[in-house]
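Here's the structure we're looking at; comments come further down.
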């Protein structure tokens, strides 16, 4: 996971203002990320792979392209509060949006991602809201 995360981070470091086409390239080159021992994220297939504890059976949870882009961006920036505007610009390719417009675009995706990650809406585990700052991805 560390090497995959390092390579994805390096792509973001080379061009912080990556155009949408570069974000698409990241999807093609990214390997599955291990979020938890029983939960993996595959940005190329736009899915989460959940294995049941103590069982070899796996469950594939489909993500939309936007959800996958947002989750990939957040996985590449763990433990950092990301504003709605930054997520809308860097992960989805929107430009010239204010924070309110960005929030109306990003918030529904975050809510759906939380459901798909199996997070309790009253106590989110992986995607946390930081009041006044945005969202934070914490894999632990």
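Residue numbers (the working numbering): 681 to 820.
Glycine is no exception: its CB is placed at the ideal position from the N, C-alpha and C atoms.
Exposure of residue i, with buried meaning 16 or more beta-carbon neighbours within 10 Å
i: residue 764; result: buried
i: residue 743; result: buried
i: residue 756; result: buried
i: residue 782; result: buried
i: residue 737; result: exposed
Separation of residue j from residue i, as counted between CA atoms
i: residue 741; j: residue 723; result: 12 Å
i: residue 712; j: residue 719; result: 10 Å
i: residue 811; j: residue 779; result: 13 Å
i: residue 773; j: residue 747; result: 13 Å
i: residue 785; j: residue 797; result: 19 Å
i: residue 725; j: residue 745; result: 9 Å
i: residue 730; j: residue 790; result: 19 Å
i: residue 795; j: residue 820; result: 17 Å
i: residue 732; j: residue 739; result: 8 Å
Same chain only: Cβ atoms within 7 Å of residue i, ignoring 5 sequence neighbours per side
i: residue 809; result: 815
i: residue 813; result: 761, 763
i: residue 642; result: Because the chain in this structure spans residues 681 to 820, residue 642 falls outside the shown range and cannot be described.
Within 8 Å, strictly: CB atoms of residue i and residue j
i: residue 818; j: residue 753; result: no
i: residue 668; j: residue 793; result: Not covered by the structure: residue 668. The range shown for the chain is 681 to 820.
Proximal residues to residue i (C-beta, below 6 Å), its chain only, five neighbours per side dropped
i: residue 787; result: none
i: residue 768; result: 774, 777, 782, 785, 786
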